[in-house]
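In UniProt numbering, the protein residues as written are 1 to 730. All C-beta atoms in this analysis are idealised placements derived from N, C-alpha and C, irrespective of residue type, glycine included. This one's a predicted model, so the numbers in the text were calculated from it and none came from an experiment. See below for the structure under consideration.
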C-alpha cells in the first residue's frame, strides 16, 4: 500500500557533477512530499486560487500553506528552509504532522536536514558529532549560511532564523522577525519542550551507537526529560539535593587533626573516616638531609632495564587477559547452552517424578482395597462380644452410682453441722479481737507522745542548722533562698546517709585534682560552654535533618509513584513490540538502594534467541543490528506517550537483517502514523521491497543531480500536462 497523498517540491543543493561546467554544475535536490490531502487540493481547485496552478507559490507563502495545522502538536516543525547550508544552495521542506520518511542515497544530503534542525533550534555542534565550529556547516565557498524553522504554536507560529558567518564563526539570530540572542531562542525552544540534546528525542547518525552506551542513570534522566511531566525531572533533582544535604547532616566530622611533636618522635591522633574510631601512631622524625643524595647511573640503567622487562611482561599479561576474556566469552556461551539443556532435563526429570508418584499412589490404593475385603461373620461375632462387655460395665457403673449418692447425703448432713460450729467460732474470735484493740490503743498513744517529743527536738535542731547555713552563706534572716541554691537543694538525696556518701565522693574527687594547672578550671568552663553550644547546634542540625527527611518523603512520593507508572507504560509498549517480533524485551526501574536517588536508572533487557536469557542492553553484549532494533523500539515506546513535539532518528536501520528491518519498519509506520502521536522524522538510505505504508505518512525523496529545478520553477501541474501531451503525440 503506497501513500495516497503526494505532491512535489524541489530544492537546490551544493554538490557538483564531474561532467558539468563550473557555471552550470550546481547539483540540485528533489524533495517529494506527501503532505497535502486530496480534500485540500480539491478545495483549492474549486476556489480557483493561485496555488492550484503551481506549487512554487507554496514556498513563498510560508507556513500557511502547510496542510491542516490542527493535526500538529505544539512545537512541531511546519517548515524548514536552508540556504548555502552544507550540500544545499536553497531548499524548503514542509514536513507532515506524523511520520516523515526521508529517503535518499548516501551523500545526497539527508543528514544535512538533521543538522539544520539541530542548529536552527540552538543546538550544540557536539550533538551532531561532526564539526566543533558552526562555520563548518556553511556550504563550501560561501561566506554565510541561513536556516529558518517555523514551529507550530497555538495563537501564532514561532519563526526562528539563524544566519551563520564563516569569518568569525558567529551567528545572528531572529525570533519572530526580531533580532535576539541565542539565549532567547533557547528559552523559546525549551518552553515548547524541544530537546535536541536528548538522545531519546534527537538521535543523529553519529550518535546512534551512543544510545546503547548510555548508563542506566543517563537513560532515566533522558527519558524523564523526553516523555515525563515537566515537573518529574525537577522533583528528581530536588530529591537528589535533599539527599545530599541529609548525608551532610548525618555526618559528624572531626574538626581538628591534633598532631603533637616531640624532639624525637611525632605523635598523631586521627579519627577513622569510615568507622569513626580513633587511632594513634608514632613515627620517628628523621634528621634533615640536604645535598647528600646522589644518583647511581649504573643502578638507574639496571632499573630502567627492569622497568622495560616489567612493561614487556605487562603486555604479555594483557594479551593473555584478552585471550582469557575471549575464552571466557566462549565458555559463557557454552555455559548458557548447558544451563538451557540442564533446565530442559530438570523439567523432564520433574515430569518423571510426578508420574512415579502417581503410580505409587495408585498401588497403595489398590492394596487398601484388597485388604478391605473382610469376613462379615467375624465382624458380627466381635460386635456381640463388645456388647456383652458393655453390659457388664453398665452393671458396675450403677453400683458405683448408688454408693456415690449415699456419700453425697452424708456430706450434706456434715455441712449443716459445720455451719453451727462456724457461728460459735466467729463469736469467740470477736470477743478476743475487742480485748486486743483496747491494749493496742494504749500502746499507740504512748508511741505518739514519744514521737511528738522527738519532733520538737528535731525542729529545734533544724532551726539551729538553718541559722548556721544562712551564716555560712552570708544571708540575712529575711532574705529568700536564691534560685540556683533552691535547684541544687532539690537535686540532693532525701536521706542523710545518701548526702554523706555524696560528700565523701566529692571530697575524694577533689583530692585527685591536687597538683593540676591553675588553668584547668578555666579550660573546664570553656569546654562546658563549647559543649552547650555544640548541643544547641546539634539540636538545630537534628531539627534540620528531620525537616529534610520530611521533604525527602514528600518529594519521593511526588516523583517515584508517577515514575513507576511511566516506566510500566514504556515496558508494556516495549514488550509488545518485541513480542510482535518473536523476541523478548523488558524495561524496568533499577536501583540497588532505594534511598540513593542519584543511583536510580532505567534498565533495558532484551533477548533475540529463544535459547538465551534476557541480557541488559550494552554496547558490547549485543550485535550492532540488535542494538539498533532495541534502540528503535525503545524510541517507539516513547513515541506512544506523545510528550515531545517531534523525534528525529537518522539511519538507525544500518546493520539490521532484512527480517528485523521489515518488522521494525512496520512498527514504526503503525505507531508513528496514529493521530495521537507527535511528529516523527525517520531518515534511511534504503528501503526493502513490498513494505507496508500508510496514508498519514509523508515521504521525502532526496535526489542529487545537476538537472534539478529550483523551487520557484517547480510546477506539478505543468509536469502532468507535458506528460499527457507526450503520450498524445506518441
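query                                                                                                                                                                                   : result
Among 631, 619, 562, 561, which has the Cα closest to the Cα of residue 585?                                                                                                            : 631
Would you tell me roughly how many angstroms separate the C-alpha atoms of residue 553 and residue 239, rounded to the nearest one?                                                     : 9 Å
Classify residue 387: buried if its beta carbon has 16 or more other beta carbons within 10 angstroms, exposed otherwise.                                                               : exposed
In whole angstroms, what is the alpha-carbon distance linking residue 617 and residue 315?                                                                                              : 31 Å
If you run the structure through DSSP and keep just helix, strand and coil, what is residue 611?                                                                                        : coil
Let me confirm a value: residue 123 is counted as buried when at least 16 other C-beta atoms fall within 10 Å, else exposed. Which label applies?                                       : buried
Assuming residue 613 and residue 336 are in contact, meaning their beta carbons sit under 8 Å apart, how far apart are those beta carbons, in whole angstroms?                          : 7 Å
Mind checking which residues open and close the alpha helix (DSSP H) that includes residue 226?                                                                                         : 216-227
Counting only the same chain and skipping the five closest in sequence on each side, list residues whose C-beta sits under 6 Å from that of residue 663.                                : 581
If you run the structure through DSSP and keep just helix, strand and coil, what is residue 734?                                                                                        : With the chain running from 1 to 730 in the structure shown, residue 734 is simply not present.
Between the segment 593-605 and the segment 214-228, are three or more C-beta pairs nearer than 8 Å?                                                                                    : yes
From residue 487 to residue 245, what distance separates their C-alpha atoms?                                                                                                           : 41 Å
In angstroms with no decimal places, state the Cα-to-Cα distance between residue 660 and residue 583.                                                                                   : 10 Å
Near residue 213, which residues of its chain fall below 7 Å by C-beta distance, leaving aside the five closest residues on each side in sequence?                                      : 619
Between which residues of its own chain and residue 205 is the CB-CB distance below 6 Å, once the five residues before and five after are set aside?                                    : 111, 650, 651
Which residue or residues does DSSP assign as beta-bridge partners of residue 171?                                                                                                      : 164
Between which residues of its own chain and residue 687 is the CB-CB distance below 7 Å, once the five residues before and five after are set aside?                                    : 103
Tell me whether the beta-carbon of residue 147 lies closer than 7 Å to the beta-carbon of residue 162.                                                                                  : yes
Counting only the same chain and skipping the five closest in sequence on each side, list residues whose C-beta sits under 6 Å from that of residue 49.                                 : Annotation note: pLDDT 28 at residue 49 (below 50); position unreliable, coordinate value reported separately. So no residue of the chain qualifies.
Looking only at DSSP bridge pairs, what is residue 315 linked to?                                                                                                                       : For residue 315, which the question treats as bridged, DSSP gives no partner whatsoever.
For the segment 556-568 against the segment 224-244, do three or more pairs of beta-carbon atoms, one drawn from each stretch, fall closer than 8 Å, so that the two count as touching? : yes
Which residue marks the beginning of the beta strand (DSSP E) containing residue 110, and which one marks its end?                                                                      : No beta strand (DSSP E) holds residue 110; the alpha helix (DSSP H) holding it covers 110-120.
Does residue 381 come out as helix, strand or coil in the three-state DSSP assignment?                                                                                                  : helix
Could you round the C-beta distance between residue 680 and residue 198 to whole angstroms and report it? I think they count as a contact, below 8 Å.                                   : That pair is no contact at about 15 Å.
Could you check which residue in 115, 133, 121 has the C-alpha nearest to that of residue 76?                                                                                           : 121
Just the C-alpha distance for residue 667 and residue 193, rounded to the nearest angstrom, thanks.                                                                                     : 25 Å
Go to residue 672, then tell me how far its alpha helix (DSSP H) extends in each direction, as first and last residue.                                                                  : 658-672
Using 10 angstroms around the beta-carbon of residue 727, count the other beta-carbons present and answer buried if the total reaches 16, otherwise exposed.                            : exposed
For residue 132, which of 143, 119, 140 has the nearest alpha-carbon?                                                                                                                   : 119
Taking DSSP's pairing of strands, which residues face residue 647 in a bridge?                                                                                                          : 680
For residue 104, does the three-state DSSP call read helix, strand or coil?                                                                                                             : strand
Please return the same chain residues whose Cβ sits closer than 7 Å to the Cβ of residue 74, not counting the five positions on each side in sequence.                                  : 152, 153, 154, 192, 645
According to the Cβ coordinates, are residue 604 and residue 629 closer than 7 Å?                                                                                                       : no
CA-CA distance, residue 357 and residue 349?                                                                                                                                            : 12 Å
Say yes only if the C-beta of residue 535 is nearer than 6 Å to one or more non-hydrogen atoms of the ligand NAD, and no if none qualify.                                               : What this structure holds is no ligand at all, so the ligand NAD is not there to describe.
The alpha helix (DSSP H) that contains residue 136, what's its start and end?                                                                                                           : Here residue 136 belongs to no alpha helix (DSSP H), and DSSP marks it neither H nor E.
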